[in-house]
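Colleague: Protein sequences appear in the order of chains A and B. Reading the first sequence from the start, the letters are residues 76 to 795 in the working numbering. Reading the second sequence from the start, the letters are residues 76 to 795 in the working numbering. All C-beta atoms in this analysis are idealised placements derived from N, C-alpha and C, irrespective of residue type, glycine included. One structure coming up, written as structure tokens, with questions to follow.
2 protein chains.
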Amino acid sequence: MLFYLSTLITVATKASSRISSFLPQTRFISSLMAPTEETLRKALEGKLSAVENQANIVRELKAKSALKPDIDAAVQALNALKLEKSDIEKSLQSLLSGTGSDSREAFRQSVVNTLERRLFYIPSFKIYRGVAGLYDYGPPGCAVKSNVLSFWRQHFVLEENMLEVDCPCVTPEVVLKASGHVDKFTDLMVKDEKTGTCYRADHLLKDYCNEKLQKDLTLSSDKAAEIKHVLAMLDDFSSQELGAKIKEYGITAPETKNPLSDPYPFNLMFQTSIGPSGLAPGFMRPETAQGIFVNFKDLYYYNGNKLPFAAAQIGQAFRNEISPRQGLLRVREFTLAEIEHFVDPEDKSHPKYAEVADLEFLMFPREEQVSGQSAKKIRLGEAVSKGIVNNETLGYFIGRVYLFLTRLGIDKDRLRFRQHLANEMAHYAADCWDAEIECSYGWIECVGIADRSAYDLRAHSEKSGVPLVAHEKYSEPKEVEKLVITPIKKELGLAFKGNQKMVVEALEAMHEKEALDMKAALESKGEVGFEVCTLGKTVTIKKSMVTIHKETKKEHQRVFTPSVIEPSFGIGRIIYCLFEHTFYTRASKAGDEQLNVFRFPSLVAPIKCTVFPLVQNQKYEEVAKLISKSLTAAGISHKVDITGTSIGKRYARTDELGVPFAVTVDSTTSVTIRERDSKDQVRVDVEKAATVIREVSEGQRTWEDVWSTFPHHSSTATDE
Amino acid sequence: MLFYLSTLITVATKASSRISSFLPQTRFISSLMAPTEETLRKALEGKLSAVENQANIVRELKAKSALKPDIDAAVQALNALKLEKSDIEKSLQSLLSGTGSDSREAFRQSVVNTLERRLFYIPSFKIYRGVAGLYDYGPPGCAVKSNVLSFWRQHFVLEENMLEVDCPCVTPEVVLKASGHVDKFTDLMVKDEKTGTCYRADHLLKDYCNEKLQKDLTLSSDKAAEIKHVLAMLDDFSSQELGAKIKEYGITAPETKNPLSDPYPFNLMFQTSIGPSGLAPGFMRPETAQGIFVNFKDLYYYNGNKLPFAAAQIGQAFRNEISPRQGLLRVREFTLAEIEHFVDPEDKSHPKYAEVADLEFLMFPREEQVSGQSAKKIRLGEAVSKGIVNNETLGYFIGRVYLFLTRLGIDKDRLRFRQHLANEMAHYAADCWDAEIECSYGWIECVGIADRSAYDLRAHSEKSGVPLVAHEKYSEPKEVEKLVITPIKKELGLAFKGNQKMVVEALEAMHEKEALDMKAALESKGEVGFEVCTLGKTVTIKKSMVTIHKETKKEHQRVFTPSVIEPSFGIGRIIYCLFEHTFYTRASKAGDEQLNVFRFPSLVAPIKCTVFPLVQNQKYEEVAKLISKSLTAAGISHKVDITGTSIGKRYARTDELGVPFAVTVDSTTSVTIRERDSKDQVRVDVEKAATVIREVSEGQRTWEDVWSTFPHHSSTATDE
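Next comes the structure, spelled out in structure tokens:
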């Protein structure tokens, strides 16, 4: 049931359980490291008891007043053993602290410092000491986000002719009741029994386990293995299991050491009330998908009653985290971009599949995960044809997501598509893959691509009573064999009296196989036990109570609930990973400091170009204004910097914002254009400058082409 | 205080009181109609009493058994009077029902029907019977919205180098406490005392008054005048005044006729709780502006500590309406685009002001409103130079808003800039203008452009303790004369004992003028009465208790709170008015039906182009695909329609979506391009088609130019 829950709620799992499983401590990475660690723990155990034994020997010798040389020899042996023990401890410690983790932390710190200092983002409501899990995008961050969303629209909505919709965040309870969020969009929480402070139960257990593994060198290898197992299973623990482990390990409230309550579910939706009466509960949507599902009928009609088609939505979603961690990756409000591609369950081919089939990238199929292997490069077409990826349409979207992410600037070697394990997937889902991006926090799920079968449309059909179905008209009527179940009400009435209605309904609701089994049993034995769920018991059905037979009917159309394939993008997470993947430092020309650079592709760069007059001078400033005007007209975001700072400092400032090109005005007839990463400069006529910048920043021209077309300019001491 | 409230809360007034004042019934329009209506009412009154008199005469004659000819004559006179009365009644009725209002209603119905049928918008959660005041944008609506926002970014953010930010919707209480929303973002509500159903108090009173005026022909002209006065004053009524009127008129609950409670304020923010404790109240933001104000310090720094600069934000805002009306104009969740332009209060000039000064458009200054005139065309530069518009920067934004709206396709003759009346404006505001667009609901406020002085930054400075100020470094230190107030504590202690502290604080807090007055009074009279608010009384201050003198100090910089000029755009309202302004119908070629057209400028059209193969034919479809591919690559949204429907029907379908251009593939070498409004067609080579479409839809080329360049194609019967 928990598995069901964890995949029913796409965003829930996205934002909570799944990611944490891929932090360095846990199953996959640790399983690779396990042999060494285990060896060391075993060796340490051995050495510890050896030290103890030897210490006893020394003590006994002393007690017996043995000869000094004997005692000295024993002490010497003891010291040697202690030295060996200490060596093993050191190895274990260095292994556990994770050689990489310090440098990862340091790297993250320098990225985050740059991001905050240059206002890529700002903790929201900072002057009021902020709110955990809420962040603003400042000017450059906001521009990056807007560029990512524009490209998303171009790459998905426009290229695939998707139907984009825009639904409200405020959502009435009934919708989220149908989707399952009201009942199941929860995290388990414990409370400090004295102060009432709330904690996520799994976080406390995870912290305890990690601390234990990393700091407690006396941990036996058996105990270490048990704790690792707990970490691996943690996401699947029930409330009871979590509570039991917390008790067993004696975990208390982190700050106060007070005892903790039993875990209980906390619904993660922000609740509110619609209208003044207080009688209409509503929630801030936890995902945008439901707005699309409830509109299926209209959208299907808009598409000319034809399948397949995709609807898409970009918008805010909300998740009232118990205690947000991991900075920009775990927030209480975030932008989602979601696609619901509706398709005939009997035909999941995709007309444009061939366009992506030859892509090759890191995939991490279920089998490789279970057998402890790592992700490997697979040709998408092979993964689909071998059945590793369930169907063409799912494969097509995996390919399109790969293209989207890498074109944004995500490093393809730190991007993998991980298939959900059987226990991660909802019972109804056909297949599910996450685009995971590796960053300093580990592998982060940034896009989920799931074939959710007919689940969502069915749930809303049932709750609303409005059939959300598609029709396929047959070119000529088809003869269809249909099972007809006819309960004989008179007999049933005599036998079941007041319960008759429930029995009739249960008989009519039988699936084909069930009915045929009953038919066979009635024919052979004359009666059969039949479980009526609504009565909560099994009744006896006799041959006289029901007839079951097959009939041939003419049908003019097939009515069915479409399957939905859902690529769901956590935009904020993608952007954060992009920040990490494009960040690097390089020495300043003088070599006296490290300068920060974001190597954003022009597509996402917040500003495409800066324009500097080399020195403060009215003529140069006029040229700068002229170029600026042309850039504005062409819709190229840029910045004019007329401060008197050295040009080197101005370049550094602009590199730190990831601006790909800089125009330096050092004459009234021609200017230099500098490319950020190579620092190469060319000389271009003033009139041509804006056009070159536009072409190169819109991708109509490569820098290489510009470099080979225009005279090179070698930077002098004043330049950089 | 109510005025203060109604302008403090920009969105509040935008979404509630202001608009309703401009429905046909109320002050401005009715003042023009009043003479005729009044004449009619007076005539009717006279005629009614004449009828009564004459009826009495007839009755008396009959009672006296007068002669038949006398009685007949009297009856005839009575009938004549009745006829005259009935004529006047008819005139009054036709006047009151508003000749225009029926056709306005009908026009709105055909716009709204088209919008709903073509999924420009959809009532949200329709399959669950919807939620009042929540709407989805369907595919074409969503595309229009996205185009409007893109253009807004280009026209304001990019062209003005604004700092765009993106803050969360979830907002902690402290922020909205400081802004005044927690205390004052309210509407007055009454409850049905038996069922608990809630109503907006002003709506009930307004409905009653309108009904009375329109339906009750026996209303005396005095009573009618009174009711009109109530309608005009309604927005300014206090809770007590509203309650008194509701009682006086005996207004009851509309459905049940039950008595109503007294009016009480209902806060219009959606409330929620941040985090799991339930102890941190939060709200869904009612406007985006506060997110900018709280970031002022960082943004000022980002701008190199220089003024002026503008920050901008696009995002969702929320308003928990008591009972939403007016369809898409009064909703519970909407997109705002807001600009906060921070400027030195001592220099409100604008460097680009000259670029807009010559614009001439409908303005409706305060004076014209008060004196009952109508809006008139004024040159913006004249309005600023005459002081009608308070300052250049405010004027600059009014001009930019005018350009923005008209370029979107808003009819300039149904757009006016209305200045707030003195009683509509906050006490701190320097000036405020609304861009109002006329649609079938009347004049609708769509953009507010206010000079809010330093109010918002001061409010957050005070609440947070973080100074939100700007600095102006003097090139050399300035000698500044400063007033120094020194309370003599010993004397004050003797005189006021325990109250000394309050008196000292009050003395120190005196403004310059107050202090100088006190100094003069003390010098002349030796003592003076002084009101100490914190004590709630006036004390006597003697000469010995305080010294007041001026001192000359050297200052190196000026520290001040910037003024903010705030253009705030209700995107959904602008879009709805755009729908009305661009909608028209025209007869089909056969003349048998009226076809709907939206004449969207290409800039906002949801789809720029449709591509039709003339007949179903593989060769034509391949040409269509080829053109489609080029359009996609160029980022031009388009649709290929390969249904076998007649080309005329397909044109009609595409006109109804406001698609400006249609490419019809009727050969494999050349195609026709048709312009929506003129229905003119040109013939263009297949290879050139996509380029022509791109140029003409991106505005690099006009249709006139295309028309004069390419051979004309005259449509045949099969075409249209």
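Name the one or two DSSP bridge partners that B:Ser638 has.
Modeller: Answer is B:Val418, bridged to B:Ser638.
Colleague: Identify, in the order they occur along the chain, each residue of the same chain with its Cβ nearer than 8 Å to the Cβ of A:Ser789, setting aside the five sequence neighbours on each side.
Modeller: Gln756
Colleague: With 8 Å as the limit, tell me which residues of the region 400–428 of chain A have their beta carbon closer than that to any beta carbon of chain B; keep them in chain order.
Modeller: Arg407, Glu408
Colleague: Beta-carbon within less than 7 Å of B:Ile650's beta-carbon, same chain only, minus the 5 sequence neighbours each way: which residues are those?
Modeller: Val219, Lys220, Val223
Colleague: Closer than 8 Å by beta-carbon distance: list the chain B residues that pair up with A:Gly710, in chain order.
Modeller: Gln229, Leu233
Colleague: Which residues, in order along the region 516–535 of chain A, keep a beta-carbon less than 9 Å from a beta-carbon of chain B?
Modeller: Against chain B - using a Cβ distance shorter than 9 Å - the residues of the region 516–535 of chain A are His535.
Colleague: Give me the chain A residues within the contact set of B:Ser352, using Cβ-Cβ distance strictly less than 8 Å, ordered along the chain.
Modeller: Gly271, Thr272, Cys273
Colleague: Looking at the unbroken alpha helix (DSSP H) that takes in A:Gln494, where does it start and where does it end?
Modeller: Segment 490–494 is the beta strand (DSSP E) holding A:Gln494; no alpha helix (DSSP H) there.
Colleague: Between which residues of its own chain and B:Cys514 is the CB-CB distance below 6 Å, once the five residues before and five after are set aside?
Modeller: Cys652, Glu655
Colleague: For chain A, check one thing: does any of its Cβ atoms lie closer than 9 Å to the Cβ of B:Ile768?
Modeller: It does not; no Cβ of chain A falls within 9 Å.
Colleague: Anyone know if the C-beta pair for A:Leu480 and A:Val639 falls short of 9 Å?
Modeller: no
Colleague: Hey, which unbroken runs of the alpha helix (DSSP H) at 4 residues or more fall wholly within the region 712–781 of chain B?
Modeller: 722–730, 761–772
Colleague: Under the assumption that A:Pro340 contacts A:Leu263 (Cβ atoms under 8 Å), give the Cβ distance between them as a whole number of angstroms.
Modeller: About 6 Å separates the beta carbon of A:Pro340 from that of A:Leu263, a gap short enough to meet the 8 Å contact definition.
Colleague: Going by DSSP in three states, B:Cys608 sits in which element: helix, strand or coil?
Modeller: Of the three classes helix, strand and coil, the one that applies to B:Cys608 here is coil, per DSSP.
Colleague: Have a look at B:Lys572, B:Leu558, B:Lys557 and flag the residue whose alpha-carbon is nearest the alpha-carbon of B:Lys564.
Modeller: For the residues B:Lys572, B:Leu558, B:Lys557, the minimum Cα distance to B:Lys564 belongs to B:Lys572.
Colleague: Do we get a CB-CB distance below 9 Å when we pair A:Glu537 with the residues of chain B?
Modeller: no
Colleague: Hey, does B:Phe345 have any beta-carbon neighbour from chain D nearer than 9 Å?
Modeller: Annotation note: the requested chain D is absent from the structure, which comprises protein chains A and B.
Colleague: For A:Gln391, decide whether its Cβ has a neighbour in chain B, counting only Cβ atoms nearer than 9 Å.
Modeller: Proximity of A:Gln391 to chain B, defined by a Cβ-Cβ separation below 9 Å, is satisfied.
Colleague: Please classify A:Asn466: is it buried, with 16 or more other beta-carbons within 10 angstroms of its beta-carbon, or exposed?
Modeller: buried
Colleague: Around the C-beta of A:Met237, are 16 or more other C-beta atoms found within 10 angstroms, so that it is buried, or is it exposed?
Modeller: When all chains shown are included, A:Met237 counts as buried.
Colleague: Anything in the region 205–224 of chain A with a Cβ closer than 8 Å to a Cβ of chain B? List those residues in chain order, please.
Modeller: The region 205–224 of chain A vs chain B, Cβ under 8 Å: Val206, Ala207, Leu209, Tyr210, Asp211, Tyr212, Gly213, Pro214, Gly216, Cys217, Ala218, Lys220, Ser221.
Colleague: Would you say B:Ser185 faces chain A, with C-beta separation under 9 Å as the test?
Modeller: no
Colleague: Would you say B:Thr718 lies against chain A (beta-carbon separation less than 9 Å)?
Modeller: yes
Colleague: Determine which residues of the region 324–342 of chain A have a Cβ less than 7 Å from any Cβ of chain B, and write them out in chain order.
Modeller: Phe341
Colleague: Does the region 626–638 of chain B touch the region 544–562 of chain B, meaning 3 or more C-beta pairs lie closer than 8 Å?
Modeller: yes
Colleague: Beta carbon of B:Arg360, beta carbon of B:Thr468: below 9 Å?
Modeller: no
Colleague: Determine whether the Cβ of A:Lys372 lies closer than 9 Å to any Cβ atom of chain B.
Modeller: When Cβ-Cβ separations below 9 Å define contact, A:Lys372 makes contact with chain B.
Colleague: What does the Cβ neighbour count give for B:Ser772, buried or exposed, with the cut at 16 atoms within 10 Å?
Modeller: B:Ser772 is buried by the Cβ-count criterion.
Colleague: Which one of B:Tyr212, B:Asn188, B:Val187 has the shortest CA to CA distance from B:Ser199?
Modeller: From the listed residues B:Tyr212, B:Asn188, B:Val187, the smallest Cα separation to B:Ser199 is found for B:Tyr212.
Colleague: Compare the C-beta of B:Asp258 with all C-beta atoms of chain A and state if any pair is closer than 9 Å.
Modeller: Judged by the 9 Å Cβ criterion, B:Asp258 is not in contact with chain A.
Colleague: Classify A:Glu239: buried if its beta carbon has 16 or more other beta carbons within 10 angstroms, exposed otherwise.
Modeller: The residue is buried, with at least 16 neighbouring Cβ atoms inside 10 Å.
Colleague: Using a C-beta cutoff of 9 Å, does B:Ile397 count as contacting chain A?
Modeller: yes
Colleague: Specify, as a first and last residue, the run of the alpha helix (DSSP H) that B:Leu470 falls within.
Modeller: In the sequence as presented, Leu is not what sits at residue 470 of chain B; that position holds Gly. Residues 467–483.
Colleague: Using the Cα positions of A:Arg102 and A:Gln448, report the straight-line distance between them to the nearest angstrom.
Modeller: In this predicted model, A:Arg102 has a pLDDT of only 31, less than 50, meaning its place in the structure is not dependable enough to derive any value.
Colleague: Measuring CA to CA, which of A:Arg661, A:Gly666, A:Val679 is closest to A:Val672?
Modeller: A:Arg661
Colleague: Quick one: grab the DSSP three-state call for B:Lys332.
Modeller: coil
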